[in-house]
DNA sequence: CGGAATCCTGTATGATACTG
DNA sequence: CAGTATCATACAGGATTCCG
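Chains as they are written, first to last, in the UniProt record's numbering: chain A, 1 to 136; chain B, 1 to 136.
If you want it as structure tokens, here you go:
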């Protein structure tokens, strides 16, 4: 395709930003990455400090080792998570947030809070909706 | 208080919240819904006022009519978006944010801002990562 | 215009097994 | 412990067609 710069420049707008609604906008790629089923959950967990692979796996109920592995690699690639290997006898791998990751974790917090505090309203809305469409 | 939801109670923790890391936690369902590729994009768009179906479709480059339709229905079901039909000659359908939806839009803003202002860092991290792994 | 129904395919995901 | 590799599949998602 194009080079990285060629992609960026035409999309940059006056305020130095990007159009999230443009197809190939990097910001949308970022958003899509964050839309990952586990990514934000992991980031939020790591806010509490470094964790090892299987610790994460135990904490996040329902994640497969494959999904966890993939998500961690993507997060590492995006510079959000740091991966450190310790040459202990059974090898130990520790994941932690980078500086960038920490800023993300903070930006995510309002959304997490929102989910937390509006679950009941959402569930109620769903029931209402289902009741109506079921009636038809 | 313990009536309707057998699902909710066992998951409620001391502070009256939910454990996002539990498999069947409603909060996680909410989060997963938000993790939808288009949901947040739509919510953000509707902050600017009501829009019709094809307006949304045009604004969000790359969304298929099916994906848009499905996402809108889900958002409506969750009580985040309001759908109003006008009996004009070619029927007009208008989508707008509900009160609940507006609170979500606000909670989302920090994350959108984050994506906006950290794209370059993420892209840089990706390049670095790819350069290294490619070297192997 | 705003969608629902159908078909069809890529990919994401999960279970299983193997390695360092 | 911390993964990768393989396979098998379910399902989201796109393209197309048709309808109120």
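Ideal Cβ positions, reconstructed from N, Cα and C, are used throughout, including at glycine. Computed from a predicted model, the values in this text were never measured in an experiment.
| Item | Value |
| --- | --- |
| So, using beta-carbon positions, are residue 75(A) and residue 39(A) closer together than 8 Å? | yes |
| So, using beta-carbon positions, are residue 92(A) and residue 36(A) closer together than 8 Å? | no |
| So which residues of chain A does residue 108(B) contact, with C-beta pairs closer than 7 Å? | 111 |
| Suppose only complete runs of 4+ residues qualify. What are the alpha helix (DSSP H) ranges in the region 29–58 of chain B, listed by chain order? | 39–46 |
| Would a check of beta-carbon distances place residue 119(B) closer than 8 Å to chain A? | yes |
| Does the beta-carbon distance from residue 126(A) to residue 78(B) come in below 8 Å? | yes |
| Closer than 8 Å, Cβ to Cβ, to anything on chain A: give me those residues from the region 70–95 of chain B, in chain order. | 76, 77, 78, 79 and 80 |
| Just the C-alpha distance for residue 59(A) and residue 109(A), rounded to the nearest angstrom, thanks. | 19 Å |
| Quick check: what's the CA-CA separation for residue 99(B) versus residue 46(B)? | 12 Å |
| Is it buried or exposed, residue 115(A), if we count other Cβ atoms within 10 angstroms and call 16 or more buried? | buried |
| Could you compute how far the alpha carbon of residue 43(B) sits from the alpha carbon of residue 64(B)? | 17 Å |
| Do residue 56(A) and residue 21(A) come within 8 Å of each other at the CB atom, strictly closer than that value? | no |
| Determine the extent of the beta strand (DSSP E) in which residue 94(B) is found, giving its start and end residues. | 92–97 |
| By the 10 Å Cβ neighbour count, where 16 or more other Cβ atoms means buried, how is residue 86(A) classified, buried or exposed? | exposed |
| Straight-line CA distance for residue 112(A) to residue 52(A)? | 23 Å |
| Distance, Cα to Cα, residue 54(B) vs residue 122(A)? | 26 Å |
| Distance, Cα to Cα, residue 7(A) vs residue 131(B)? | Because residue 7(A) carries a pLDDT of 43, less than 50, the predicted location of this residue cannot be relied on, and the following value inherits that uncertainty. So the alpha carbons of these two residues sit roughly 19 Å apart. |
| I want to see whether chain B comes within less than 8 Å of residue 66(A), judged by CB atoms only; does it? | no |
| Skipping 5 residues on each side, what residues in its chain have a beta carbon closer than 8 Å to that of residue 11(A)? | Because the pLDDT of residue 11(A) is 46, which lies under 50, any placement of that residue in the model is unreliable, and the number read from its coordinates should be weighed accordingly. Taken in chain order, the residues that qualify are 18, 19, 22, 24, 25 and 26. |
| Consider the Cβ of residue 139(A): report whether some Cβ of chain B lies at a distance smaller than 8 Å. | The displayed coordinates of chain A run from 1 to 136. Any statement about residue 139(A) would go beyond what the structure contains. |
| If we call anything under 8 Å between Cβ atoms a contact, is residue 49(B) one with residue 80(B)? | no |
| Could you confirm whether any beta carbon from chain B is found closer than 8 Å to the beta carbon of residue 18(A)? | yes |
| Are the C-beta atoms of residue 47(A) and some chain B residue less than 8 Å apart? | no |
| Hey, is residue 54(B)'s beta-carbon within less than 8 Å of any beta-carbon in chain A? | no |
| Kindly indicate which residue of 107(A), 117(A), 118(A) and 120(A) has the alpha-carbon position closest to the one of residue 117(B). | 107(A) |
| Grouping DSSP H, G and I as helix and E and B as strand, with all else coil, what is residue 82(A)? | strand |
| In angstroms, rounded to a whole number, what distance separates the CA positions of residue 73(B) and residue 32(A)? | 20 Å |
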